[in-house]
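A quick write-up on the structure given underneath.
Okay, structure coming up:
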């Protein structure tokens, strides 16, 4: 599958070599090698050595031969989400609580993936996920070219994901802190994760914004993206999320909301921030 990209550079703070620009745009090394060895990148309609300086106003055209496979899932009858940001590469939506991100079986048609397929008219490319009971922002790719770029932003912590949660208030917990505790499978319950020395490194920053004697409103930033990371980390400091059916207490919903995404726009050094409002009951419960 050949994919092409054509754009004019607009936002470089200073000139960069082609090689440096491709690195700063987070193109995988194998792509950089292919562009150079196959001479598939043109600057102002000509191939240039990779030490050539790029500047604002330069036209960049390239093509890549990608062997990309994407599973075909069913479309949903309708979609139930709001679009928060969209361009030719990316779609950022506000996922409602109570819906899975991705189908597990080909016959499923009631997940967010199925709904986005209905909205787009073609298979979406999920860049990250949210737990079923978590609401808020989730990013979806619209073409295969930008998926490795956004995945590298995730792995290198260029993309930041910020959440708010209502938790039980623990007066013994510090109001600002970092939780760096590895997570592994719970051997007694396959649905759950637990703090485990044999698990994968996980890092969550948190800050208590306000609280009363019962509940706290907690701002959170993920530095890694382990399954149930926020939920297990907060439970580990005595502040389980209100309504968490696995790690907390019962309620009408789980009070965890992804309210902000910040990332570097593909083929640019500019950053884009998408922020949505916080449900009013998050504040009301912690007044």
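Numbering (the numbering used here), first residue to last: 28 to 314. Beta carbons are placed, not taken as given, at the ideal position from N, Cα and C, and that holds for glycine. Given the structure is predicted, the values throughout are model-derived calculations rather than measurements.
Residue from the options whose Cα sits closest to the Cα of residue i
{"i": "residue 221", "options": "237, 256, 187 and 194", "result": "256"}
{"i": "residue 277", "options": "248, 47, 44 and 194", "result": "194"}
{"i": "residue 303", "options": "120, 41 and 212", "result": "120"}
{"i": "residue 200", "options": "158, 137, 114 and 233", "result": "233"}
{"i": "residue 71", "options": "78, 89 and 63", "result": "89"}
Proximity below 8 Å, CB of residue i to CB of residue j
{"i": "residue 301", "j": "residue 287", "result": "yes"}
{"i": "residue 207", "j": "residue 273", "result": "no"}
{"i": "residue 154", "j": "residue 168", "result": "yes"}
{"i": "residue 252", "j": "residue 181", "result": "yes"}
{"i": "residue 314", "j": "residue 239", "result": "yes"}
{"i": "residue 235", "j": "residue 202", "result": "yes"}
{"i": "residue 116", "j": "residue 267", "result": "no"}
{"i": "residue 83", "j": "residue 39", "result": "yes"}
{"i": "residue 100", "j": "residue 41", "result": "no"}
{"i": "residue 246", "j": "residue 178", "result": "no"}
{"i": "residue 45", "j": "residue 77", "result": "yes"}
Alpha helix (DSSP H) segment containing residue i, residue limits
{"i": "residue 67", "result": "Looking at the DSSP string, residue 67 is not in any alpha helix (DSSP H), and its letter there is neither H nor E."}
{"i": "residue 140", "result": "139-147"}
{"i": "residue 178", "result": "174-182"}
{"i": "residue 47", "result": "45-51"}
{"i": "residue 93", "result": "Careful: residue 93 lies outside any alpha helix (DSSP H) and carries neither H nor E."}
{"i": "residue 276", "result": "That residue, residue 276, is in no alpha helix (DSSP H); it is neither H nor E in DSSP."}
Residue i, enclosing beta strand (DSSP E) - first and last residue
{"i": "residue 162", "result": "162-168"}
{"i": "residue 227", "result": "Taken as a continuous stretch (DSSP letters only), residue 227 belongs to no beta strand (DSSP E), as it is neither H nor E."}
{"i": "residue 258", "result": "Here residue 258 belongs to no beta strand (DSSP E); instead the alpha helix (DSSP H) covers 256-263."}
{"i": "residue 246", "result": "242-249"}
Buried versus exposed call for residue i [16 or more other C-beta atoms within 10 Å across all chains shown]
{"i": "residue 5", "result": "Limits of the chain in this structure are 28 at one end and 314 at the other, which puts residue 5 out of reach."}
{"i": "residue 104", "result": "exposed"}
{"i": "residue 279", "result": "exposed"}
{"i": "residue 307", "result": "exposed"}
Cβ separation of residue i and residue j, assumed to be a contact under 8 Å, to the nearest whole Å
{"i": "residue 97", "j": "residue 170", "result": "Contact flag wrong, Cβ pair sits at about 11 Å."}
{"i": "residue 81", "j": "residue 61", "result": "Not a contact, Cβ separation roughly 19 Å."}
{"i": "residue 51", "j": "residue 296", "result": "6 Å"}
{"i": "residue 176", "j": "residue 74", "result": "About 22 Å; that fails the 8 Å criterion."}
{"i": "residue 244", "j": "residue 210", "result": "Not a contact, Cβ separation roughly 24 Å."}
{"i": "residue 161", "j": "residue 124", "result": "7 Å"}
{"i": "residue 289", "j": "residue 186", "result": "7 Å"}
{"i": "residue 282", "j": "residue 270", "result": "5 Å"}
{"i": "residue 231", "j": "residue 214", "result": "Contact flag wrong, Cβ pair sits at about 23 Å."}
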